[in-house]
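Residue numbers (the numbering used here): -17 to 510.
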């Protein structure tokens, strides 16, 4: 953009700028604007327009190209009264007001004509009545002509009344239209405070020359968050593939409109402190156990999440909008083409990455939590970039099946996603428990039996994995033993019992899991 304005107010030029690039962070945006101008010799003050009043003064960084010297740069903010509507809105509202006025005047004239016509017809009817009264009674007078004349007068009067009624309705509508046009015109002319800011750059120019000026600044009220679309495909050879499409969801309400601008999305945190935290002393103290504590062992049951890298099991409650998790290494993504982002505060989705990888799909059942079987997809991330933590929309082919969330997944790291339940599989669970205590030794024994009834309601054969939990003892006084059954895989570290099944269509199978908990009398076992 080239401006050839002549210097005003003693070596001062007002220049329009256009955005060259916008870089979004998790709580702000960095904007680069540029302009070109022919400047005269001497000290010139360039007033750059187009910036938001929210610009961070300390972040302003001008870059000058040309035979000129940069002296200073500062942000200047101004407030002035301006009309609520634009110039085109003012013209349109004024034109509508004039049309509404012309319509009302025409409706008033039409009503006056209709009233005069109706009065004339009423006078003729009255004259007919008076004339008929003057005819002598008993005179041989033909009444056919009188009746015909009366019918014509009444028809004319009725038409006049209809015209008067239509004119009255048109007048009421035109007055309402005129009032609305006046309100629109007044609303468009209503003044409101408008805040504008400029970046005033002072330069020293030895000779008249052409310069190019770029200015970089940071503005709040602009941010981005990653969002994913996971699409599961079934290949003709029986294998599956998973496509992950990553989009940057952008919100901005800075007051600027960025049209056809290349955008970048960074996970860096420019507002974060760079200094390391200070450590304080962490003191440990010893306390002797009491006699009662030494004689009694209290056992408490707790649930523990088995965390695997890249598998976001469990949930976390947060009270504020989460930041962008990049695994500790700042990353930058770029849009494939220039985009337009308006200052409306509404989300704008921009695709920034896409990767397709092989996937393994299995049906898993956790009867303790749900009676339905779910599709679980496991894949290993390929490509040169990781997957950022964020929400994910799940799709089986072209059908959406739900929403989820993934944690940060590094390159070459395995991860899993759930793609909703399989309506053709159901599980029913029954739990029975027996408690006994030895009379002499006082040894406590708990026998728990879990029965699972797995049904395949569909007509096709289904493979699935059924997982049950067994308590894991962390103290030597409590022993947990599991009775192994056919088809069961038992992992004593995490306490999971797995059953691999293949059910034919319209079939039901029963699974049995039995385990025992033994502890001496001085151990207080909780009610599980």
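The C-beta atom is built at its ideal place from N, Cα and C for all residues, glycine as well.
Here residue 181 is buried: its Cβ has 16 or more other Cβ atoms, across all protein chains shown, within 10 Å.
When beta bridges are read from the DSSP output, residue 24 appears opposite 187. By the neighbour-count definition (other C-beta atoms within 10 Å, threshold 16), residue 339 is an exposed residue.
A direct Cα-Cα distance of roughly 54 angstroms separates residue 416 from residue 365. DSSP, reduced to helix, strand and coil, places residue 328 outside both helices and strands of the structure shown, so it counts as coil.
According to the DSSP assignment, residue 388 belongs to no alpha helix (DSSP H) but to the beta strand (DSSP E) extending over 381 to 388.
A distance below 8 angstroms separates the beta carbons of residue 323 and residue 240.
Judged by DSSP in its simplified three-state form, residue 98 adopts helix. Taking the Cα positions, residue 203 is about 13 angstroms away from residue 5. Nearest Cα to residue 413 within the set 267, 33, 494: 494.
Looking at the DSSP output, residue 396 shares a beta bridge with 362. In this structure, the straight-line span from the alpha carbon of residue 164 to that of residue -6 is close to 42 angstroms. A contact is defined here as three or more CB-CB pairs under 8 angstroms, and the segment 171 to 190 fails this definition with respect to the segment 211 to 222. Here residue 400 is not near residue 444, since their CB atoms are 8 angstroms or more apart. Residue pairing of residue 54 in beta bridges, as defined by DSSP: 184. Beta-bridge annotation (DSSP): residue 174 is paired with 64. According to the DSSP assignment, residue 5 belongs to the beta strand (DSSP E) that extends over 0 to 6. DSSP, reduced to helix, strand and coil, places residue 77 within a helical segment of the structure shown.
A direct Cα-Cα distance of roughly 32 angstroms separates residue 266 from residue 310. Between residue 145 and the set 100, 161, 111, the nearest pair of CA atoms involves 100.
Residues 200 of the same chain have their beta carbon placed closer than 6 angstroms to that of residue 38, with the five preceding and five following residues left out of the count.
Partner residues in the beta bridge of residue 481, as assigned by DSSP, are 448, 470.
Around the beta carbon of residue 255, fewer than 16 other beta carbons sit within 10 angstroms, so the residue counts as exposed. Rounded to the nearest whole angstrom, the C-alpha separation of residue 463 and residue 343 is 32 angstroms.
Of the other Cβ atoms in all chains shown, fewer than 16 fall within 10 Å of the Cβ of residue 45; this residue is therefore exposed. Within the DSSP secondary-structure output, residue 245 pairs in a beta bridge with 4. Distance from the Cα of residue 498 is smallest, within the candidate group 370, 314, 460, for 460.
Taking C-beta atoms as the reference points, residue 245 and residue 317 count as a pair closer than 8 angstroms. Where residue 265 is concerned, there is no enclosing beta strand (DSSP E), because DSSP gives it neither an H nor an E. Under the DSSP assignment, residue 49 falls outside any beta strand (DSSP E); it carries neither an H nor an E label. Cβ contact annotation for residue 229 (same chain, cutoff 8 angstroms, sequence separation greater than five): 208, 209, 210, 211, 331, 332, 333, 334, in chain order.
Taking C-beta atoms as the reference points, residue 354 and residue 346 fail to come closer than 8 angstroms. Inclusion of residue 410 and residue 435 in the CB contact set at 8 angstroms is warranted, their separation being smaller than that value. Under the DSSP assignment, residue 475 falls outside any beta strand (DSSP E); it carries neither an H nor an E label.
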